[in-house]
Amino acid sequence: MHLSTARPDDDVGIIEAQGLTKSYGEVQALAGIDLSVGEGTVLGLLGPNGAGKTTAVSILTTLIEPDSGSAQVAGADVRADPVSVRRRIGLSGQYAAVDEHLTGFENLDLIGRLYHLGRRRARERAGELLDRFSLSEAGPRPVKTYSGGMRRRLDLACALVAEPPVLVLDEPTTGLDPRSRTELWSVIREMVAAGTTLLLTTQYMEEAEQLADDIVVIDHGKKIAEGSVDDLKTMVGGERIDISVHQEESVDDARRVLARLAVGEVQISGRDLTAPVLGGAGTLTEVLRHLDAEGVKLRDVGLRRPTLDDVFLALTGQITGQGVAAGDTLMEEVA
């Protein structure tokens, strides 16, 4: 699905939502969400499965209506003027919405015609986007011959045919290999640098850290945290000591040592332990001294700052990863 055109007035927030609520029967998907996205910035929307991310995105893209609250996208009200909203946004879901029997050029040309760009302009725009997304050589080929990464780039290109000021990406790199994901990140950065405003849902914490200017974490339909990556890491606080013991029977001894100096819960996974601490290298030295006194042999040890995965775990009580704390696709949650 791809929608777009017309930029808003400079003094109107590009995406603003206040008090959005939505229930499906007895299940409350949103419980009064507020969102604000500055023009030319990237907002990452994170949360566990069922947190309400997709419901919020579906409301902002006019796929569903809220039960209460208000939202404006590029100066248009999602309830009072959904047609204008659709003209001003580009939407790319988790799976590439392109016709695999058409060529890349034909897909883009068709969308341009549907936007009434005219035959000449539609063909020009198709050529421009194929070049911008490094698909010029593949343009004459049927999409069914494209790799997954190429299809995702073409899908993004389709979302930009009408040059929308706002782009909504739902899990844009799901299923891509690391190289294709990195290539797509570069394309997204270029679009934002050119002035596009982006609302991003993702299951990859690294992706959010790479792309988002600000992050909103939601859980059980409520916003539970908001800020830059550094802000959220500061909320979790301190540093982490990671240790890996040689023998499983040493785990309990290692946990007791870490628990004496930790400022939070010690996490255990097999023979690996993680503990939040204060004091940096000095605390690490003390931990190592106590472990040695207890006769605990280590395979590995390290001191690091908290990651977004640590933030996510601390805020939601769930770990991240594909299929664990992933976002739903747009239509799955709506259905």
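When we follow our numbering, the leftmost residue of the sequence shown carries the number 1113, and every step to the right adds one.
C-beta: ideal position from N, C-alpha, C; glycine also.
Nearest neighbour of L1272 by Cα position, chosen from G1260, L1310, P1290, G1251, turns out to be L1310.
In this structure, DSSP gives S1148 an extended state, which the three-state scheme calls strand. Selection G1349, R1264, D1243, F1245 evaluated against D1289 yields R1264 as nearest (Cα-Cα).
Across the structure, G1307 and L1220 are spaced so that their CA atoms are roughly 21 Å apart. Close CB contacts of V1378 within its chain, under the 8 Å cut and outside five residues either way in sequence, are with R1367, L1370, A1371, L1385, T1386, A1387 (chain order). The beta carbon of G1156 sits closer than 6 Å to those of L1312, A1320, A1324, I1327, all from its chain and outside the five residues before and after it, given in chain order. Cβ neighbours of K1134 within its own chain (closer than 6 Å, five residues either side excluded): A1141, L1142, T1167, P1178, D1179.
With 16 or more other Cβ atoms from the protein chains shown falling within 10 Å of its own Cβ, K1165 counts as buried. Going by C-alpha positions, V1197 is about 15 Å away from V1149. The beta carbon of D1211 sits closer than 7 Å to those of N1219, V1255, all from its chain and outside the five residues before and after it, given in chain order. Looking at C1270, H1358, G1376, the one whose alpha-carbon comes closest to that of L1242 is C1270. Secondary structure in the segment 1274 to 1311: the alpha helix (DSSP H) runs of 4 residues or longer, each lying completely within the stretch, are 1290 to 1305 in chain order. DSSP places P1178 outside both helix and strand once states are collapsed to three, so it counts as coil. Assigned with DSSP and collapsed to three states, Q1322 falls in helix. Assigned with DSSP and collapsed to three states, R1200 falls in coil, not helix or strand. Excluding residues up to 5 positions away in sequence, S1356, V1357, E1360, V1363 lie with their Cβ nearer than 7 Å to the Cβ of R1383 in the same chain. Taking the Cα of L1420 as reference, the smallest distance to any Cα among G1333, M1317, G1349 is reached at M1317. Note that the C-beta distance between R1291 and G1261 is below 9 Å.
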